[in-house]
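Under the working numbering, the first residue of the sequence shown carries the number 41, and numbering increases by one thereafter.
Note sheet for the following structure.
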Amino acid sequence: MADTPGPERTLLLGAGGQLGFEIERLARSRNLDLTVKGRQELDITHRLALRSVISRGFDLVVNAAAYTAVDRAETEEGRALAVNRDGAQFVAEACQDAGAALVHISTDYVFDGRKGSPYDEDDPVSPINVYGRSKAAGEAAIRQVCAHHVILRTSWVFGAHGQNFVKTMLRLGQERGEIRVVADQFGCPTPAQGLAAAVLAVAGRLAEEPWGTYHCCGGERTTWFDFAQTIFAEQTALTGAAAPALVPIGTKDYPTPAQRPIDTTLNCSAFQERFHQAALDWRQGLRDVLRELQAGARLSSAGGA
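Next up, the structure:
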């Protein structure tokens with residue numbers, strides 16, 4: 041079923057991130073009326089500036105701005121809360137006052153990973169690190185102050201732009217002959233391009249008042265280790281480059297400042313049914329990202345010749 045026409049005017053916050061980049065690219069390809077703001081142009085922790093911009097007649101605000109440094113958040117709790125809790129609240133307040141709808145991006149890390157089966161939207165949140173707590177607090181603030189909102193929880197986002205697991209693996213593969221990868225944490229990789237399409241699918245159905253919280257991520261559960269294996273298998277198939285040796289390790293063998301949940305698999309059936317969307321194919325998304333990175337590398341090489 042085709043999406044209905046989208047809102048007349050949309051404001052994208054967090055345009056500099058990997059998801060923001062893909063939302064802008066896709067919206068431009070569809071000739072949508074999109075205004076984009078990166079952090080340098082509009083910091084969502086600046087309440088008055090935010091209110092001034094959102095009051096300019098936007099129908100929809102997409103908040104892809106976030107503090108996402110999971111480990112650094114353990115020592116920068118104030119900054120994480122300022123962006124992910126207070127910033128989200130400021131955006132929601134401004135949307136409510138201006139009569140704009142809000143689509144806000146959240147995370148699987150609002151859960152502790154101990155459920156033992158895929159998480160539904162109404163499962164109680166129980167974050168185990170500062171980042172997760174800050175995002176859960178942001179969700180709560182939005183629900184309290186903005187009636188017309190859609191919160192999209194996602195997981196393990198990757199793309200050709202920004203920093204993510206795929207690009208980290210490729211970099212380490214060039215630097216090392218062996219990479220140790222955690223094999224006992226489970227989740228669903230999500231291609232940023234597919235998530236961007238999901239955001240625009242929501243935007244296209246605002247007239248149906250689909251308000252609430254939904255899960256939207258890749259449709260297949262995996263581990264970081266298996267994800268890494270797939271990354272290098274696809275990269276070898278594409279370029280012929282030899283893959284490094286991958287060594288599976290346990291979470292206990294890879295201590296990090298922030299505790300990670302063991303299994304944050306999300307059940308996305310409610311989103312798929314409500315917005316008439318197929319499950320996101322992260323394997324195809326990975327192939328698309330690798331091809332884009334390879335094309336960019338060829339262009340860089342040609343430019344430097």
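We put the beta carbon where it would ideally sit given N, CA and C, even for glycine.
Short of 7 Å in beta carbon distance, which residues of its chain neighbour E218, apart from the five on each side in sequence? Order them along the chain. Indexing the sequence shown from 1 puts residue 218 at position 178. Contacts found: P284, A285 and V287.
L235 and E274 look like a contact to me (Cβ under 8 Å); what is the Cβ gap, rounded to whole Å? One-based indexing of the sequence shown puts residue 235 at position 195. One-based indexing of the sequence shown puts residue 274 at position 234. With 8 Å as the limit, L235 and E274 do not qualify as a contact, their Cβ atoms being about 19 Å apart.
Helix, strand or coil for D303, going by three-state DSSP, please let me know. Residue mapping note: residue 303 aligns to position 263 of the sequence shown, counting from 1. D303: strand per DSSP, three-state reduction.
Between which two residues does the beta strand (DSSP E) harbouring L406 extend? Given a span of 41 to 345 for the chain in the structure shown, any question on residue 406 remains unanswerable.
With a threshold of 6 Å on Cβ separation, who are the neighbours of S264 within its own chain once the five nearest residues in sequence on each side are excluded? Along the sequence shown, one-based indexing puts residue 264 at 224. The sequence given here has Trp at residue 264, not Ser. Cβ neighbours of W264 beyond the five flanking positions: V221, V222 and Q225.
Determine which residues share a DSSP beta bridge with R193 and list them. Indexing the sequence shown from 1 puts residue 193 at position 153. Looking at the DSSP assignment, R193 forms a beta bridge with S146 and H255.
Residues sharing a beta bridge with K77, DSSP: As a working note, residue 77 is residue 37 in the sequence shown. Its beta-bridge partners are L53.
7 Å Cβ cutoff met for V101 and A67: Residue numbering aside, residue 101 sits at position 61 when the sequence shown is read from its first letter. Residue numbering aside, residue 67 sits at position 27 when the sequence shown is read from its first letter. No, the Cβ-Cβ distance between V101 and A67 is not below 7 Å.
Since L286 is in the beta strand (DSSP E), which residue starts that stretch and which ends it? As a working mapping, residue 286 is identified with position 246 in the sequence shown. Residues A285 to I289.
Is it buried or exposed, R300, if we count other Cβ atoms within 10 angstroms and call 16 or more buried? Along the sequence shown, read from residue 1 onward, the residue named residue 300 stands at position 260. So R300 ends up on the buried side.
For N169, count neighbouring C-beta atoms within 10 Å of its own C-beta (all shown protein chains included) and say buried if the count is 16 or more, exposed if not. Taking the sequence shown and counting its residues from 1, one reaches residue 169 at position 129. Flag for N169 reads buried.
Going by the beta-carbon positions, is the gap between A104 and G54 smaller than 7 Å? Here residue 104 corresponds to residue number 64 of the sequence shown, with the count starting at 1. Here residue 54 corresponds to residue number 14 of the sequence shown, with the count starting at 1. Yes. Within cutoff.
Buried or exposed (CB count within 10 angstroms, at least 16 for buried), E62: Start at 1 with the first residue of the sequence shown, and residue 62 comes out as number 22. In summary, E62 is buried, with 16 or more beta-carbon neighbours lying within 10 Å of its beta-carbon over all protein chains present.
Start and end residues, beta strand (DSSP E) containing I219: For the purposes of this step, residue 219 is taken as residue 179 along the sequence shown, with counting starting at 1. Residues E218 to V222.
Between T279, D163, S146 and E313, which has its C-alpha nearest A337's C-alpha? Residue mapping note: residue 337 aligns to position 297 of the sequence shown, counting from 1. That would be T279, whose Cα lies nearest to the Cα of A337.
Rounded to whole angstroms, what is the Cα-Cα separation between V86 and G57? Residue numbering aside, residue 86 sits at position 46 when the sequence shown is read from its first letter. Residue numbering aside, residue 57 sits at position 17 when the sequence shown is read from its first letter. Going by the sequence as given, residue 86 is His instead of Val. Answer to the nearest angstrom: the Cα atoms are 19 Å apart.
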